[in-house]
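Q:
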Amino acid sequence: MQKNHFIAKGLNENPISEIIKVLKYKAIWNNKKLIQINRYYPSSQICSVCNYQNRNIKDLTIRKWECPKCHTYHDRDFNASVNIMFEGLKIYMRSI
Ligand SMILES: [Zn+2]
């Protein structure tokens, strides 16, 4: 595909929107619902245990952190994934 400049350019312009298009298509195809959360939701800054927002970890090089409120030790990506799941569930529950 990279040899065809027109296709390669189209896919590289906004890869996230291309992924979302495919996910929407797959969700419809499989009779599922795709929930999108706000792109600015601070999923990696919020403690998934106590909901404290730690604004001191905006630096992406910080991969693990301890919540100053409940002292839970977080892996940045795993914590973010838990928060994204719960945010998606909240949006879904409001929609039904
Ligand atoms: Zn906490």
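The numbering of the sequence shown is the working numbering, which starts it at 52 and goes up by one.
Each residue gets a CB set at the ideal place from its N, CA and C atoms; glycine is no exception.
Keep in mind that this is a model prediction, so the values were computed, not measured.
1) Please determine, among 146, 135 and 116, the residue with the shortest C-alpha to C-alpha distance to residue 94.
2) With a threshold of 7 Å (Cβ to nearest heavy atom), would residue 103 be considered close to ligand 1?
3) Just checking, does the segment 123-143 make contact with the segment 89-105 on the three C-beta pairs under 8 Å criterion?
4) Mapping DSSP to helix, strand and coil, what is residue 110?
5) Quickly, what does DSSP pair residue 97 with across the bridge? List them, please.
6) To the nearest angstrom, how far is the alpha carbon of residue 138 from that of residue 64?
7) Here's a check: name, in chain order, each residue in its chain whose Cβ is nearer than 6 Å to the Cβ of residue 117, leaving out the five neighbours to either side.
8) Given residue 131, which residues of its chain have a CB within under 6 Å of its CB, disregarding the five upstream and five downstream residues?
9) To the nearest angstrom, how far is the alpha carbon of residue 82 from that of residue 119?
A: So, from the listed chains and residues:
1) What you label residue 94 is simply residue 43 of the sequence shown in a count that begins at 1. Residue 94 has its Cα closest to that of 135, out of 146, 135 and 116.
2) Numbered from 1 along the sequence shown, position 52 holds the residue referred to as residue 103. If you check the C-beta of residue 103 against ligand 1, you find a heavy atom less than 7 Å away.
3) yes
4) Looking up residue 110 in the sequence shown gives position 59. Three-state result, residue 110: coil.
5) Numbered from its first residue, the sequence shown carries residue 97 at position 46. For residue 97, which the question treats as bridged, DSSP gives the partners 104.
6) Residue mapping note: residue 138 aligns to position 87 of the sequence shown, counting from 1. Residue mapping note: residue 64 aligns to position 13 of the sequence shown, counting from 1. C-alpha separation (whole angstroms): 28 Å.
7) Counting from one through the sequence shown, the residue named residue 117 turns up at place 66. These residues qualify, in order along the chain: 124.
8) On the sequence shown, residue 131 is found 80 positions in, with the first residue counted as 1. Result list for residue 131: 94 and 95, in chain order.
9) Residue mapping note: residue 82 aligns to position 31 of the sequence shown, counting from 1. Residue mapping note: residue 119 aligns to position 68 of the sequence shown, counting from 1. The straight-line gap from Cα to Cα measures roughly 42 Å.
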